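Have a look at the structure below before the remarks.
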Amino acid sequence: MKIISINVAQPETRVYFGKETQTGGHKQAVPQARLTYTNFEGDGQADLKNHGGPNKAVCVYSFDHYPHWEEVFGVSLLPGAFSENLTIAGLQEAEVCLGDVFRIGDEVRVQISQPRQPCSKLAGKHNRKDLPDLIHANSWSGFYLRVLQAGVVRAGDAAELVERHPLGVTVEFANQVMYRQRADYASLERVLAVDALSTEWQKSLSRRLTR
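Residue numbers (my numbering): 9 to 219.
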């Protein structure tokens with residue numbers, strides 16, 4: 009796995025579907041950036057309730073999916089098109105698991121905390137109201153990382169899996185559970201058993217389990 013691009017931006021006003029919106033999603037590539045325990049330096053979030061913080065310090069999207077979306081959108085896409093901080097080649101949601109730990113470059117260590125939940129702002133960025141539904145259908149959501157060891161990340165750095173979580177719950181499986189393709193009790197409990205799962209997803213799935 010390889011870091012194709014590091015992408016950062018500060019919040020700004022954009023017009024999505026005829027409405028002014030504050031967003032930090034129009035990220036630009038930088039050659040390197042220091043990663044702290046809450047975000048990349050130089051990056052910011054407009055909605056601090058739903059973005060950023062220790063459980064969502066880094067948003068990752070797979071460069072492997074870009075050819076598919078270029079065909080869907082009918083345009084060429086630059087890294088960062090999905091408002092991700094890290095565009096990484098060589099990984100898929102079906103292959104990485106909640107709680108997996110990766111080393112990036114020489115010093116940074118990160119852990120998958122939850123899938124990314126595509127929102128209306130990402131839909132607005134691409135002028136596709138159906139984009140969240142398309143992502144829910146194929147589970148190509150990307151995911152968030154928590155930072156275990158901070159440091160500098162550089163474009164071209166290798167991303168190496170150093171610890172596979174023993175429960176083996178893939179990001180794809182977690183997406184299927186969240187979006188009710190797998191609404192059974194056992195599947196909910198399987199995702200909730202992952203100790204590395206973010207508190208946001210723990211609360212959401214626990215509420216569904218009690219219902």
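C-beta atoms are modelled at their ideal positions from N, C-alpha and C, and glycine is treated no differently.
These figures come from a predicted structure and were not determined experimentally.
Within 8 Å, strictly: CB atoms of A37 and P75: no
Helix, strand or coil at L106 according to DSSP, with G and I counted as helix: coil
At which residues does the alpha helix (DSSP H) containing L213 begin and terminate? 207 to 218
What number of angstroms, rounded off, separates the C-alpha of V66 from the C-alpha of A102? 19 Å
Might you give, ordered along the chain, the residues of its own chain that have their beta carbon closer than 6 Å to the beta carbon of E168, omitting 5 neighbours on each side? R111
Answer with buried or exposed for E49, where buried requires no fewer than 16 other C-beta atoms within 10 angstroms of its C-beta. exposed
Quick check: is the beta carbon of N183 nearer than 8 Å to any beta carbon in chain B? This model lacks chain B altogether, as it is built from one protein chain only.
Using only the alpha-carbon positions, how far apart do D141 and P174 sit? 30 Å
With a floor of 4 residues, list each alpha helix (DSSP H) that falls wholly inside the stretch 65 to 98, ordered by position along the chain. 74 to 81
What span of residues does the beta strand (DSSP E) with A41 cover, start to end? 40 to 43
Extent of the continuous beta strand (DSSP E) run through Q159: The residue asked about is misnamed: residue 159 is Gly in this sequence, not Gln. Start and end: 159 to 162.
To the nearest angstrom, how far is it from the Cα of N93 to the Cα of R215? 30 Å
Exposed or buried, R188, counting other C-beta atoms within 10 Å across all chains shown (16 or more means buried)? exposed
Proximity to K10 [Cα-Cα], best of W209, G60, I143, F71: F71
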